[in-house]
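Input: a single structure, listed below in structure tokens.
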Amino acid sequence: MKDLHVSSHSMVQHKLALMRSVTTEPKKFREVVREITGLLLYEATQDLDTNEIQVETPLAVTAARKLAQRIGFVPILRAGIGMVDAALDLIPTAQVWHIGLYRDHRTLLPVEYYNKLPVQPTVDLCLVLDPMLATAGSATATVKVLKDWGASRIKYVGLIAAPEGVERFHAEHPDVPIHVAAVDSHLNEHGYIVPGLGDAGDRQFGTN
Ligand code: PRP
Ligand code: URA
597 MKDLHVSSHS
607 MVQHKLALMR
617 SVTTEPKKFR
627 EVVREITGLL
637 LYEATQDLDT
647 NEIQVETPLA
657 VTAARKLAQR
667 IGFVPILRAG
677 IGMVDAALDL
687 IPTAQVWHIG
697 LYRDHRTLLP
707 VEYYNKLPVQ
717 PTVDLCLVLD
727 PMLATAGSAT
737 ATVKVLKDWG
747 ASRIKYVGLI
757 AAPEGVERFH
767 AEHPDVPIHV
777 AAVDSHLNEH
787 GYIVPGLGDA
797 GDRQFGTN
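For the working numbering, add 596 to where a residue sits in the sequence shown, where the first one is 1.
And the structure:
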């Protein structure tokens with residue numbers, strides 16, 4: 597069974613509409629990327645392992661739970677940068693490992709230009725952050741880098757996916773769940789998601 601989670605949360609869908617709109621300017625777009633990422637990560641982290649601990653409240657000692665795993669966020673540069681602050685708001689103790697990839701506009705293949713992973717894995721769960729899963733070239737390449745590194749558990753969290761990207765990602769990495777706000781209609785001839793939101797990097801950073 598495909599491990600695909602498309603959020604049906606009303607606030608996720610409300611914020612997605614703001615992001616899709618061509619009239620949303622970069623400042624507002626960045627704010628909404630941050631807000632929607634927090635909601636998607638809240639859902640994607642609902643099954644993280646916790647340990648029982650004892651906590652002393654002002655009234656009594658009680659059982660409580662504490663996150664048991666070391667978490668690593670892996671934003672794919674550049675568009676994934678906009679998702680990092682929300683991720684760290686949710687899990688301030690997480691590590692952040694950047695992977696730099698850009699999609700060659702002619703071939704649509706990912707080109708790696710930055711990788712700052714340490715020699716040995718230092719986390720138990722990697723959450724890959726990238727707004728767009730189009731052909732899935734960037735996401736599948738990143739997950740391969742993480743698996744070659746020794747990552748034992750990986751999840752992908754994005755905003756919008758194309759059906760073609762979901763298909764390819766599941767074929768190459770069936771063990772990695774996908775969490776998104778929407779799966780759109782299709783890719784156009786330039787590899788853009790339709791209806792999508794355009795270029796997620798350009799829309800955040802005011803470039804084109
Ligand atoms: C975008 C996006 C993904 C990639 C998705 O990045 O942020 O990384 O495209 O496309 P794919 O699924 O076909 O690989 P882009 O290459 O435009 O780089 P940028 O983030 O630097 O703008
Ligand atoms: N990258 C983007 O930023 N948008 C798309 O629609 C496809 C790839």
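Glycine included, C-beta positions come from ideal geometry on N, C-alpha and C.
Item: Taking Cβ to Cβ, would you say Gln665 is nearer than 7 Å to Asp720?; Value: yes
Item: When DSSP labels each residue in this structure, what does Ala664 get in the three-state scheme?; Value: coil
Item: Express the C-alpha separation of Pro717 and Ala747 in angstroms, rounding to a whole number.; Value: 6 Å
Item: Let me know if Val790 comes out buried or exposed under the rule of 16 or more other beta-carbons within 10 Å of its beta-carbon.; Value: exposed
Item: Use the C-beta contact count for Gly733: other C-beta atoms within 10 angstroms, 16 or more gives buried, fewer gives exposed.; Value: buried
Item: Decide if Gln642 is buried, meaning its Cβ has at least 16 other Cβ atoms within 10 Å, or exposed.; Value: exposed
Item: Quick one: grab the DSSP three-state call for Tyr638.; Value: helix
Item: Taking 6 Å as the cut-off, is the CB of Asp726 close to at least one heavy atom of ligand 1?; Value: yes
Item: Can you tell me which of the three DSSP states Ala747 falls into?; Value: coil
Item: Roughly how many whole angstroms lie between the Cα atoms of Thr736 and Ala659?; Value: 41 Å
Item: Taking the DSSP output, what are the residues bridged to Ile756?; Value: Met728, Ala778
Item: Residue range of the beta strand (DSSP E) that Arg616 falls in?; Value: Where Arg616 is concerned, there is no enclosing beta strand (DSSP E), although the alpha helix (DSSP H) it sits in stretches over 606-616.
Item: Report yes if the CB atom of Glu639 is closer than 7 Å to the CB atom of Ser603, and no otherwise.; Value: yes
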